[in-house]
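Worksheet for the structure shown next.
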Ligand SMILES: [Fe+2]
Ligand SMILES: [Fe+2]
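Numbering (the numbering used here), first residue to last: 52 to 333.
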């Protein structure tokens, strides 16, 4: 089974971020995948989200498409009368309209391989070891005139720690619900599941903002179930492809393309789009 991963399209960020989508679709087609995974951070704008998923739908890809939202996708405007939970529901409907299976809602199982997924969130367990901020300081989400934009636009009904733990629990329940029917599980999150995948720089404000990368609980859940062989994620705009214990971790983000010239987009799409194969289970 051949699986392809991409995340962090951020189509609202620059002209290049929007223009790269057709090149990505070309790369997906050329890869002849069985499963294509989009691991969040498409765009906060609902109309644009609809359009971008529409581009994938219009491409008539032969593979199954799976999706988890990113933190940018659940942002709500100041005037929008909607919580981030409600926006998750709207995103799921848009997924359905465009042939994407939303892993936040239910796991996807094919040929005895299960895919479980959640956006994940952060509970400050990735706080830097070097700098010692209090929980209150992390909850402020701003330091040295820099603001973590979730402070302004993520509107969950609870505090960060409880949101992170809610999504961890949902992931755990998904794994539990399929583990007796599959031979292998691939976990997909937007937030980072392992501290080993975070790059600290030993400087501020960078290391302060590392606390918003994800939660250790996500990784713990992957490690405690031996069927979990892969943890795929986004959110950090660094490429990751490394083992953590028995789990292969992969992050294949587009990120912000301020400095990528338009004529290099095809090559960049091909370079970031990451594929891997799983043996077919009998
Ligand atoms: Fe992102
Ligand atoms: Fe993100």
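Where is the CB? At the ideal position from N, CA and C, for every residue including glycine.
Can you tell me whether DSSP reads residue 64 as helix, strand or coil?
Coil, per DSSP.
Assuming residue 215 contacts residue 257 (C-beta within less than 8 Å), just tell me the rounded distance between them.
The pair is not a contact, with the Cβ atoms about 21 Å apart (cut-off 8 Å).
Take residue 393 as the anchor and find which of 247, 244, 55 and 196 has the nearest alpha-carbon.
Only positions 52 to 333 of the chain appear in this structure, which leaves residue 393 out of reach.
Quick check: what's the CA-CA separation for residue 160 versus residue 297?
Pairing residue 160 with residue 297, the inter-Cα distance amounts to about 21 Å.
Between residue 124 and ligand 1, is there a pair consisting of the residue's CB and a ligand heavy atom that are separated by less than 6 Å?
No, since every heavy atom of ligand 1 falls outside the 6 Å radius drawn around the Cβ of residue 124.
Name the one or two DSSP bridge partners that residue 9 has.
Because the chain is modelled from 52 through 333, residue 9 falls outside the range shown and cannot be assessed.
Helix, strand or coil for residue 103 per DSSP?
Helix.
Report the residue ranges of all beta strand (DSSP E) runs contained in full by the stretch 207-294; include only those spanning at least 3 residues, in chain order.
Listed in chain order, they are 235-240 and 279-284.
Any heavy atom of ligand 1 nearer than 5 Å to the CB - residues listed:
A Cβ closer than 5 Å to some heavy atom of ligand 1 marks a residue here, and those residues are 59 and 92.
Judging by CA-CA distance, which residue of 330, 331, 329 and 325 is the nearest neighbour of residue 78?
Here the closest residue by C-alpha is 325.
Excluding the 5 residues preceding and the 5 following residue 175 in the sequence, name in chain order all residues of the same chain whose CB lies nearer than 6 Å to its CB.
Excluding five sequence positions before and after residue 175, the CB atoms of its chain that fall closer than 6 Å to its own CB belong to 189 and 262, given in chain order.
From what residue to what residue does the beta strand (DSSP E) around residue 311 run?
Unbroken run through residue 311: none, as it is neither H nor E.
Taking residue 58 and residue 89 to be in contact with their CB atoms under 8 Å, please state how far apart those CB atoms are, rounded to whole angstroms.
Confirmed, about 7 Å.
Can you name the start and end residues of the alpha helix (DSSP H) that residue 140 belongs to?
First-last of the alpha helix (DSSP H) with residue 140: 135-148.
Cβ neighbour criterion (16 or more within 10 Å) applied to residue 132
Its Cβ having fewer than 16 others within 10 Å, residue 132 is exposed.
Out of 328, 306, 329 and 194, which one is the CA nearest neighbour of residue 66?
If we check each option's Cα against that of residue 66, 306 comes out closest.
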